[in-house]
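Residue numbers (full-length UniProt numbering), protein chains in the order written: chain U, 1 to 288; chain R, 1 to 288. Everything below concerns the one structure shown next.
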């Protein structure tokens, strides 16, 4: 049996009881280590689970799936995923390989950012399509997420923006030289995400385009959701630019039309010095 | 402290380790019992948790919140919610009351249908706004969910349809007589949901309206997601009408444009006699 087990969002104790029992019963346990991170590392998980974990980087999952699935028809193998196994990043390919090899699989679900973001006070019903922001490079500056945010906003829907994670990436130089030297991990911050959005807004303004999002749009910056030190900040996009929400992971929500109950909840979650912007929500964004 | 604790979707063991520890440490534990159900009842949860649970119906949560929050500033009180506390149904009102009373609160997240539905093979990225279907009555037949499904489909996005639950409802007769006699619980099935949708489609066709969804649209019926006997059926809306997916809870997904990997995953999850309809996905819906 292949178990795909969600670890939830905070630390080692966010695994479900069912998930923990499965982990402890498996002969091999892989930890997917490239699409998300908990607030604790591999060693803390190993100690908590009482099991050795095998780190599964992108190479192993995408090219070494046979190794992960080896003997899984006769033994139990666990594949641990931060959040939910079918959350933001799906592991459909691994499941399909298992099925094609005649290996049964079982999913043990958990919270992911896709549903837990509801705790910021915005109702999940009122979210549109989720978007991803990737780190821009000098030559690659995709902007399609901006259009999706605007489309959601026009439909009165909030947008969850998942922010890029670069783990075990090679520089182009090292890749070309075939050197397996990896860059330090990078996690996009809310501030960096705000910066990319504002750059797009400025360019569009200069080119005379109509703007679906501006520097004054009320957004929610979320950091380490589900952890004891989770941070939720409600502010305009411009203000988020200068906020430091601390350690990863960060996510950004661009709000649209707000229900009065959502405004009240944002007010609760907003840090004191962000509250002033909710005045603006009440008077303009809320009714627009 | 008020703990809002998600129970996940299957049975008692789907609570997180952190959630279970919190339940066991609380002096009073409420089980929210009107927006969703697990596959096991109150007694099984009490036995598993080693705690007595107080059933919290809609009356208690909406009108007796003070009772739930009593002494929560000095003692620990848990409020258990199937799925995630901020999943499909939010409990913002209870949180706001706690905050206003100076009671700190903490959320322990878990899987909800809003993210776990990804296991059917459709990517969460490709979902639009979630809709709710309520039981129609003779005089109240809301259709707004249909328009939202069509809007999602036009944007290439799937729609998760949450199906109505009626727990501890009074008949109008008993309500008018002030009799606290409650009707047996009712849970909308995928077949009933398909029936309502098809009735709307037929009326619109008769009135010459353009159709964004038809009886031949490929849908996914989901039952008891996360439980050992979860059932996922991929079929046209017309076919789902005659399928019996068994015990509650059910949900329905109306698909839109499908990515090849989604088609492969649907194929895996489809029961053998539903596979024939995927031919149609490949040839028409997939490219439309």
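Even glycine gets a Cβ: it sits at the ideal position worked out from N, Cα and C.
Check each candidate in R:140, R:7, R:127 and name the one with the smallest Cα separation from residue 109 of chain R. Per the C-alpha coordinates, the member of R:140, R:7, R:127 positioned closest to residue 109 of chain R is R:7.
Quick one: what's residue 49 of chain U bridged to in DSSP? Answer is none; residue 49 of chain U lacks a bridge partner.
Inter-stretch contact (C-beta, 8 Å, three-pair minimum) for the stretch 123-132 of chain R and the stretch 94-103 of chain R: No, the stretch 123-132 of chain R is not in contact with the stretch 94-103 of chain R.
For residue 149 of chain R, list the residues DSSP reports as bridge partners. None, per the DSSP bridge assignment.
Work out the CA separation of residue 267 of chain R and residue 237 of chain U for me, nearest whole Å. 42 Å
Output needed in chain order: residues of the stretch 46-68 of chain U with a Cβ under 9 Å from some Cβ in chain R. 48
Can you find a C-beta in chain R that's less than 8 Å from the C-beta of residue 41 of chain U? no
Check each residue of the stretch 90-101 of chain R: if its Cβ is closer than 8 Å to any Cβ of chain U, include it; give the result in chain order. 90, 92, 93, 95, 96, 99
To the nearest angstrom, how far is the alpha carbon of residue 282 of chain R from that of residue 262 of chain R? With a pLDDT of 43 at residue 282 of chain R, under the threshold of 50, the modelled position of this residue cannot be trusted; read the value that follows with caution. Each residue's Cα considered, the two are about 11 Å apart.
Those residues which DSSP pairs with residue 251 of chain R across a bridge: R:162, R:222
Just to confirm, are residue 25 of chain U and residue 83 of chain U a CB contact at a threshold of 8 Å? Cβ distance not < 8 Å, so residue 25 of chain U and residue 83 of chain U don't count as in contact.
Quick one: complete beta strand (DSSP E) runs, 3+ long, within the stretch 25-101 of chain R? 28-32, 54-56, 77-81
Taking Cβ-Cβ distances below 9 Å as the criterion, which residues of the stretch 12-26 of chain U are in contact with chain R? For the stretch 12-26 of chain U, residues whose beta-carbon sits nearer than 9 Å to a beta-carbon of chain R comprise 12, 13, 14, 15, 16, 17, 18, 19, 20, 21.
When the Cα of residue 233 of chain R is compared with those of R:253, R:214, R:248, which residue comes out closest? R:253
Of all the beta strand (DSSP E) runs that stay within the bounds of the stretch 170-233 of chain R, which reach a length of 3 or more residues? 218-223
Have a look at residue 217 of chain U and residue 228 of chain U and give me their C-alpha separation to the nearest angstrom. 28 Å
List the endpoints of the continuous alpha helix (DSSP H) containing residue 2 of chain R. Not the alpha helix (DSSP H): residue 2 of chain R falls in the beta strand (DSSP E), residues 2-6.
Cβ of residue 282 of chain R less than 8 Å from any chain U Cβ? Note on residue 282 of chain R: pLDDT 43, under 50, position unreliable in the model; the coordinate value appears next. Cβ-Cβ to chain U under 8 Å: no for residue 282 of chain R.
What does residue 9 of chain U touch in chain R if you count any residue whose Cβ is under 7 Å from its own? 109
Near-chain R residues of the stretch 77-88 of chain U - C-beta to any C-beta below 9 Å: If the cut-off is 9 Å between Cβ atoms, the stretch 77-88 of chain U has 83, 84, 85, 86, 87, 88 near chain R.
One question on the structure: do residue 194 of chain U and residue 241 of chain U come within less than 8 Å of each other, judged by their Cβ atoms? Their beta carbons are under 8 Å apart, which means residue 194 of chain U touches residue 241 of chain U by this criterion.
Between the stretch 129-143 of chain U and chain R, which residues of the former have a C-beta closer than 7 Å to a C-beta of the latter? 129, 130
Does chain U have any CB closer than 8 Å to the CB of residue 268 of chain R? yes
Shorter than 8 Å from the beta carbon of residue 164 of chain R to some beta carbon of chain U? no
Taking C-beta pairs closer than 9 Å, name the residues in chain U that residue 258 of chain R reaches, listed in chain order. Simply none; closest approach about 12 Å.
DSSP on residue 144 of chain R, reduced to helix/strand/coil? helix
I want to verify the contact list: residues of chain U whose CB lies under 7 Å from the CB of residue 112 of chain R, in sequence order. Within 7 Å Cβ-Cβ: 115.
Secondary structure of residue 235 of chain U, DSSP reduced to three states: strand
What is the DSSP secondary structure of residue 113 of chain R, reduced to helix, strand or coil? helix
Determine the burial state of residue 117 of chain U: buried for a count of at least 16 other Cβ atoms within 10 Å of its Cβ, exposed for fewer. So residue 117 of chain U counts as buried.
Buried or exposed for residue 41 of chain U, please, with buried defined as at least 16 other CB atoms from any protein chain shown within 10 angstroms of its CB. Exposed is the call here.
Does the count of Cβ pairs from the stretch 62-77 of chain R and the stretch 178-186 of chain U closer than 8 Å reach three? no
Where residue 285 of chain U sits in the DSSP three-state scheme: Reliability of the predicted coordinates at residue 285 of chain U is poor, the pLDDT of 43 falling under 50, and the value obtained from them is presented with this limitation in mind. Three-state DSSP puts residue 285 of chain U in a helix.
How do the stretch 168-181 of chain U and the stretch 191-209 of chain U stand: do at least 3 beta-carbon pairs fall below 8 Å, yes or no? no
Nearest by alpha-carbon distance to residue 270 of chain R: which of R:215, R:120, R:213 is it? Ranking the options by Cα distance to residue 270 of chain R, first place goes to R:120.
Taking all protein chains shown into account, do 16 or more other C-beta atoms lie within 10 angstroms of the C-beta of residue 172 of chain R, making it buried, or fewer, making it exposed? Counting Cβ neighbours within 10 Å, residue 172 of chain R comes out exposed, since fewer than 16 surround it.
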